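Written below as structure tokens is the structure these notes are about.
Numbering (the numbering used here), first residue to last: 7 to 625.
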């Protein structure tokens, strides 16, 4: 216990010492400025609070809707409310792609990268621009269905409408909390107490986590309240030690090292009792102790002394690296400091990082060239700095790569995806909301025959999905999961070829594939061929009927998740037979199924309490 206490004590000491040293340089000047400002502002009249709705949606990680419409899309958050104060499931609201823990339980869900701090709860995000920069006094989120998903609200110093953006872009947290589940799915106005900031803003970011919710959360509008004049605030703020600040000079090391792990010459090389014999611990034990630290804490601890610098720089501490929680602070300098430590890197998550110039394509490529040889997993969701050169470097440098996530990299040009075909050992490929075209996808399927998990949801630039799934069935017979959410031109012929070639499929998402018609027998054929099926989404297929459910009940005993939202042809009796025949079923969505009213759903819920049966409502 004593070595660990000594370690934490010294960690706390070095952080305080560095903060005091940093603060002393500007403390006097800051104090004078505060007095002057206070004297000047004391005579000013009270400023008028400005209320404004979002002008534009700038970026987001996912949405339920289509790229070519407004229904259930994030773009509905621009402007005044469409629905509020009404409650329920409305197409005019903004809806994220997932909810609850159902998606985490699927075999397609990737394993979480170690060292992700437990305080990082965000799963999705959206960024909103407002007309006028103000000092925020309140933020109001109008939630119209299953509220409680918002876990963090941030403000940015950048004016997104300026022609000359500043080099230094700051993000400050206005409010943060943990995922919650509201007592009622009814509409509410969420307005948490926010922290004051010392710059005006017209760019907000909302981060959400829907894992605690029973159904999709729906947002209608966001209100930013604020004042044009700067409020009277304490101007001096204790500086944070940045993730980029990873090394100290010899002076710092010598100052702190003597207290922790250096021997005293005056004591004739006898061990100093001040360090609790920490340097006598086995190397491996120290490595285990510091492996529990988050990445910024690990970097700060390395500034304490030479012994801990050696431990905190050991590449074994960086085999798995999740930088997503630090997206607002990560830049080229951060990657350059981490580069010598990541020579054994195997799993890297940089999702959401580097936007608005914080990370450049050149800085990222330099990092990958140095640290990518052993990479097996690379997550780059919503990384808008990526270009063709980045993908070319990834595919040339990372021959062992098995997992690649490019979801919502919607600014990556179509020709960049052709390089992915060089990753012969790829097993998981996430291309949700990207601009990949048919030619590039066919090249990938020709050479990446080890694919097990493929997500092509909302890839609207693929012209003929029948051709794609036909080649997929011929080349990737070991496929386990396939997401074709909103793939608008998949026909019965393509589906028949898919299930004939990929009989081991356990997950299949055909939500909003409007060109599939049950009357052709394609869904019944699917049920007979895919005996291992655990998840099947037939969302918004109006033609699903009782015969389809009977085939599911007869052939798919392992079924766990089923979505038949929107069908008019399924009867209560067929649903009951399905529930009786699929003992592993845990999720069933029958929203907008006209033959299944609320009373019927409640009766089925009482009969099968272990199954979560979803039935949305509209007031």
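Using N, Cα and C, we set each Cβ at its ideal position, and we do this for glycine too.
Please read all numbers here as calculations on a predicted model, not as lab measurements.
query                                                                                                                                                                                   : result
Considering only residues of the same chain and omitting the five flanking positions on each side of residue 67, which have a CB-CB separation below 7 angstroms?                       : 130, 131, 387, 388 and 414
Verify whether the separation of the beta carbon atoms of residue 356 and residue 385 is less than 8 angstroms.                                                                         : yes
Where does residue 303 fall in DSSP's three states?                                                                                                                                     : helix
Would you identify the three-state DSSP class for residue 477, choosing helix, strand or coil?                                                                                          : helix
Evaluate contact between the region 573-584 and the region 593-602, counting only Cβ atoms and requiring at least three cross-stretch pairs below 8 angstroms.                          : yes
Between residue 621 and residue 587, is the Cβ-Cβ spacing less than 8 angstroms?                                                                                                        : no
Within the same chain, show all residues whose beta-carbon is closer than 6 angstroms to that of residue 325, passing over the 5 residues directly before and after it, in chain order. : 350 and 352
Over what stretch of residues does the alpha helix (DSSP H) that includes residue 142 continue unbroken?                                                                                : Where residue 142 is concerned, there is no enclosing alpha helix (DSSP H), although the beta strand (DSSP E) it sits in stretches over 130-151.
Quick one: what's got a C-beta closer than 8 angstroms to residue 289's C-beta in the same chain, skipping five residues either side?                                                   : 317
Distance check for residue 155 and residue 547, CA to CA, integer angstroms please.                                                                                                     : 28 angstroms
What's the C-alpha gap between residue 381 and residue 341?                                                                                                                             : 16 angstroms
From the DSSP output, in three-state form, read off residue 360 for me.                                                                                                                 : coil
Residue range of the beta strand (DSSP E) that residue 232 falls in?                                                                                                                    : 224-233
Of all the options 594, 214 and 615, which has the alpha carbon lying nearest to the alpha carbon of residue 542?                                                                       : 594
Alpha carbons only, please: which of 207, 515 and 506 is nearest the one belonging to residue 493?                                                                                      : 515
Give the straight-line distance between the Cα atoms of residue 53 and residue 235, rounded to the nearest whole angstrom.                                                              : 7 angstroms
In terms of residue numbering, what span does the beta strand (DSSP E) encompassing residue 434 cover?                                                                                  : 434-436
Rounded to the nearest angstrom, what separates residue 292 and residue 126 at their Cα positions?                                                                                      : 25 angstroms
Entirely within the region 504-589 and at least 3 residues each: give me those beta strand (DSSP E) ranges in chain order.                                                              : 513-515, 541-543 and 567-569
Need the endpoints of the beta strand (DSSP E) that residue 179 sits in, please.                                                                                                        : 177-182
Short check: CB of residue 485 to CB of residue 511, under 8 angstroms?                                                                                                                 : yes
Tell me the residue span of the alpha helix (DSSP H) that contains residue 66.                                                                                                          : That residue, residue 66, is in no alpha helix (DSSP H); its beta strand (DSSP E) goes 62-66.
Can you say whether residue 613 is buried or exposed, counting buried as having 16 or more other CB atoms within 10 angstroms of its CB?                                                : exposed
In its own chain, which residues sit with a C-beta less than 8 angstroms from the C-beta of residue 608, not counting the 5 before and 5 after it?                                      : none
Quick one: any contact between the region 142-152 and the region 191-202, if contact means 3 or more CB pairs under 8 angstroms?                                                        : yes
Per DSSP, what kind of secondary structure is residue 366 in: helix, strand or coil?                                                                                                    : coil
Quick check on the DSSP output: the alpha helix (DSSP H) that includes residue 618 runs from which residue to which?                                                                    : No alpha helix (DSSP H) holds residue 618; the beta strand (DSSP E) holding it covers 618-620.
Could you tell me whether the Cβ atoms of residue 375 and residue 409 are closer together than 8 angstroms?                                                                             : no
Run through the DSSP bridge pairs and tell me what residue 162 is partnered with.                                                                                                       : 177
Alpha carbon to alpha carbon, what distance is there between residue 218 and residue 110?                                                                                               : 12 angstroms
DSSP state of residue 609, grouped into three classes?                                                                                                                                  : helix
With a CB to CB cut of under 6 angstroms and the five nearest residues on each side skipped, what residues in its chain are close to residue 80?                                        : 63, 66, 69, 100 and 132
May I ask which residues mark the beginning and end of the beta strand (DSSP E) holding residue 127?                                                                                    : From DSSP, residue 127 is part of no beta strand (DSSP E); its letter is neither H nor E.
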